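Let me begin by presenting the structure, written as structure tokens, before commenting on it.
Residue numbers (our numbering): 10 to 552.
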């Protein structure tokens, strides 16, 4: 990749000077540094959120892009700039070019979501769709750069880009002092006498390394006591692998959940800086990031993208590992360009990531009454050392498939970490063999949606959809009203967070019981729709 003057190996003092004189505020705003009050109480440490999600392009990227472009010559600006990006950098370059009155060509893969293409065009960028991957788009951008004499704006491996990103740290350190002064003013004491937020560490998400390089250079030049901790996804950890190997490592593949940090090869200059200045690194997984997105929402009522939640996920993991109390940590919320269609996935995985939901595969005898007995058992699980609480069923999937035993996929709310293992053991004591699937990626991603199929044992099956009020104990109450003589051959339930839950039930009802069954449904008290004649049911579930 073109790196401009990246090979100059500037010192932290050189970068400090560049950061102090960076030109970013023609397009960027000084974002807030806010305490995350709920999360701070839970972690017994002060957590501060640097709200880069509030920037005009919903990420920090415009800082570096504009600073780079503001340092170009008039001749370079006359010809225009180019970049390859499918995300936040593209929007930063487009907005910066619009402000500077220059042309911006943004090469994006053809697979880029339309919402991001429209956003870049909305900021005035000329979008060129090419190839199926970032690599394809990048190669094409170099061809266009050479052909049209454009200047390449690198997403991370350029000193001017790094300096622009470093203004985030400059603001943070000043804002921490303001928080102390404000607290002193309210109490009538001197700032030096106030035990206000004394920043102990800053957590920074890493993709190519531009943000962490800028932050580390500024902090280590101004207050080297403060730790700089880099954060990467466990399936996109190019920087961590490179620092460990003492040379840049190219990943064969990267995970795409946190697309804002999905980089196969970090920059030369960012690798050098991270190797020398970053104090520690933390990796987090998808479930932890989903839980962090929820934590941020609870405190801010804002939804960040996965990359924007990496720092918060790392703080939670760091506190749990090091047992810290009373310290102050800052997390940079680096972006909020979330794809709307990801929200359901995030909501489902957040509970698992926070260990507030456990998933199990349970084997129960295929005999009348065992299904209800199992439901009564999970409704009366002990507290395992904690406060006794009503445990909610979050998911229930079952299809009759064997004459002797049944396999049930069940989700339960939990109240403490490690509780799933205790639940597994408790079920075993009551002759229900349980397999803990809480951390099983296959089960969470696929198996939970594939429980079912045709069953030769589901004779005289009637399929019904019910709506029940979503409150503790409602599911067990519903099951208790099922007539024991009609066998449950199919059951599907998933808590969607609404006021009412939807249940799909298969009941084996002999033809001779049709009149009695109709009377039963009329007195049950729950809204019901029969789906026995539904063609989708007949095609995929009915024998």
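Ideal Cβ positions, reconstructed from N, Cα and C, are used throughout, including at glycine.
Every value quoted in this text rests on a predicted model; they were computed, and no experiment measured them.
Rounded separation between residue i and residue j - CA only
i: residue 42; j: residue 340; result: 9 Å
i: residue 427; j: residue 26; result: 49 Å
i: residue 71; j: residue 47; result: 30 Å
i: residue 529; j: residue 472; result: 15 Å
i: residue 546; j: residue 314; result: 37 Å
i: residue 499; j: residue 374; result: 15 Å
i: residue 102; j: residue 300; result: 31 Å
i: residue 520; j: residue 469; result: 7 Å
i: residue 442; j: residue 403; result: 19 Å
i: residue 542; j: residue 417; result: 25 Å
i: residue 200; j: residue 39; result: Summary for residue 200: the model assigns pLDDT 49, below 50, so the residue's position carries little reliability; its value from the coordinates is reported in the next sentence. Distance between the alpha carbons of residue 200 and residue 39: 23 Å.
i: residue 181; j: residue 45; result: 15 Å
i: residue 289; j: residue 127; result: 38 Å
i: residue 454; j: residue 28; result: 44 Å
i: residue 36; j: residue 113; result: 16 Å
i: residue 228; j: residue 58; result: 17 Å
i: residue 431; j: residue 366; result: 13 Å
i: residue 376; j: residue 215; result: 54 Å
i: residue 490; j: residue 514; result: 13 Å
i: residue 424; j: residue 292; result: 25 Å
i: residue 477; j: residue 389; result: 20 Å
i: residue 125; j: residue 269; result: 13 Å
i: residue 382; j: residue 429; result: 20 Å
i: residue 172; j: residue 211; result: 17 Å
i: residue 202; j: residue 309; result: Residue confidence is low: residue 202 scores 43 on pLDDT, short of 50, so the model does not pin down where it sits. Its coordinate-derived value is still stated next. Distance between the alpha carbons of residue 202 and residue 309 is about 30 Å.
i: residue 176; j: residue 31; result: 7 Å
i: residue 450; j: residue 410; result: 24 Å
i: residue 379; j: residue 294; result: 37 Å
i: residue 371; j: residue 487; result: 20 Å
i: residue 559; j: residue 350; result: Missing from the structure shown is residue 559; the chain here goes from 10 to 552 and no further.
Residue environment, residue i, which counts as buried when at least 16 other CB atoms sit within 10 Å
i: residue 413; result: exposed
i: residue 53; result: exposed
i: residue 83; result: exposed
i: residue 18; result: exposed
i: residue 163; result: buried
i: residue 225; result: buried
i: residue 549; result: exposed
i: residue 446; result: buried
i: residue 246; result: buried
i: residue 303; result: buried
i: residue 255; result: exposed
i: residue 544; result: exposed
i: residue 496; result: buried
i: residue 457; result: buried
i: residue 24; result: buried
i: residue 438; result: exposed
i: residue 50; result: exposed
i: residue 492; result: exposed
i: residue 81; result: buried
i: residue 307; result: exposed
Nearest-angstrom beta carbon gap, residue j and residue i [assumed within contact, 8 Å]
i: residue 222; j: residue 242; result: Actually they do not touch by this definition, with Cβ atoms about 18 Å apart.
i: residue 99; j: residue 131; result: The Cβ separation is near 11 Å, so there is no contact.
i: residue 421; j: residue 408; result: Between residue 408 and residue 421 the Cβ distance is about 20 Å, and since that is not below 8 Å, they are no contact.
i: residue 230; j: residue 64; result: With 8 Å as the limit, residue 230 and residue 64 do not qualify as a contact, their Cβ atoms being about 24 Å apart.
i: residue 273; j: residue 259; result: 6 Å
i: residue 109; j: residue 79; result: 7 Å
i: residue 342; j: residue 312; result: So it is not a contact: roughly 11 Å between Cβ atoms.
Contact check, residue i vs residue j, beta carbons under 8 Å
i: residue 96; j: residue 166; result: no
i: residue 344; j: residue 317; result: yes
i: residue 419; j: residue 369; result: yes
i: residue 569; j: residue 74; result: Past the edges of the chain, shown from 10 to 552, lies residue 569, and the structure says nothing about it.
i: residue 526; j: residue 518; result: yes
i: residue 479; j: residue 509; result: yes
i: residue 327; j: residue 56; result: no
i: residue 238; j: residue 322; result: no
i: residue 93; j: residue 147; result: yes
i: residue 346; j: residue 67; result: yes
i: residue 297; j: residue 362; result: yes
i: residue 116; j: residue 137; result: yes
i: residue 151; j: residue 240; result: no
i: residue 385; j: residue 485; result: yes
i: residue 69; j: residue 174; result: yes
Contact test: residue i Cβ vs the ligand ADP heavy atom, cutoff 7 Å
i: residue 104; result: This structure lacks the ligand ADP, and indeed carries no ligand of any kind.
Residue-level contact to chain C via CB, residue i, 8 Å cutoff
i: residue 378; result: Of the protein chains in the structure, only one exists, and it is not chain C.
Three or more C-beta pairs closer than 8 Å, one from the segment 346-359 and one from the segment 459-466: is that the case here? no
Pairs of beta-carbons, one from the segment 147-160 and one from the segment 74-91, closer than 8 Å: are there three or more? yes
Would you call the segment 141-149 in contact with the segment 181-190, where contact means no fewer than 3 C-beta pairs closer than 8 Å? no
Three CB pairs or more closer than 8 Å across the segment 320-334 and the segment 281-288: no
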